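Notes follow the structure.
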Amino acid sequence: MTKFRYYEEDCAEPPYVLIRLYKASRGLQAVISKSEDLSDEGYSWPDPGCDAEAALAWAANYAGINAVNVYIQLDHVDWDPSWGEIGH
Numbered sequence: 010m011t012k013f014r015y016y017e018e019d020c021a022e023p024p025y026v027l028i029r030l031y032k033a034s035r036g037l038q039a040v041i042s043k044s045e046d047l048s049d050e051g052y053s054w055p056d057p058g059c060d061a062e063a064a065l066a067w068a069a070n071y072a073g074i075n076a077v078n079v080y081i082q083l084d085h086v087d088w089d090p091s092w093g094e095i096g097h
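Here it is as structure tokens:
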């Protein structure tokens, strides 16, 4: 299982994927970004404003294949333990 980490700008260790979770009229949404050292080549990135649970599943899969850190930024959202483990 992927261990997610809380995002702190000065402490994020590349390579990483960053998922910002936020509330929208369509429910909980996510925006995925990445550290500059990750290539877009050969991998399909989700669209901005995608479903939060789909984004978390995508990130866990991507991290498992590519050995990257997955950071989470919560924007007026509480972490749901059903999404996985999160720490610093």
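With our numbering, letter number 36 in the sequence shown gets 45, and the count goes up by one each step, no holes.
Think of the CB as a built atom: it goes at the ideal place given N, C-alpha and C, for glycine as much as any other residue.
Everything numeric in this text was worked out from a predicted model, so none of it was measured.
First and last residue of the uninterrupted beta strand (DSSP E) at residue i
i	result
residue 94	94 to 96
residue 39	36 to 43
residue 15	12 to 15
Span of the alpha helix (DSSP H), counted from its first residue to its last, around residue i
i	result
residue 65	61 to 75
Own chain partners of residue i with C-beta closer than 6 Å, once the 5 adjacent residues on each side are dropped
i	result
residue 21	80
residue 82	16 and 29
residue 37	61
residue 41	28, 55 and 64
Through-space distance from residue j to residue i, alpha-carbon basis
i	j	result
residue 15	residue 72	15 Å
residue 19	residue 96	16 Å
residue 91	residue 39	16 Å
residue 57	residue 67	13 Å
Supposed contact pair residue j and residue i - C-beta distance, whole angstroms, cut 8 Å
i	j	result
residue 31	residue 44	So it is not a contact: roughly 20 Å between Cβ atoms.
residue 69	residue 93	7 Å
Bridge-paired residues (DSSP) for residue i
i	result
residue 31	38 and 84
Cβ shell of residue i (< 7 Å), same chain only, five flanking positions each side left out
i	result
residue 86	30, 31, 32 and 37
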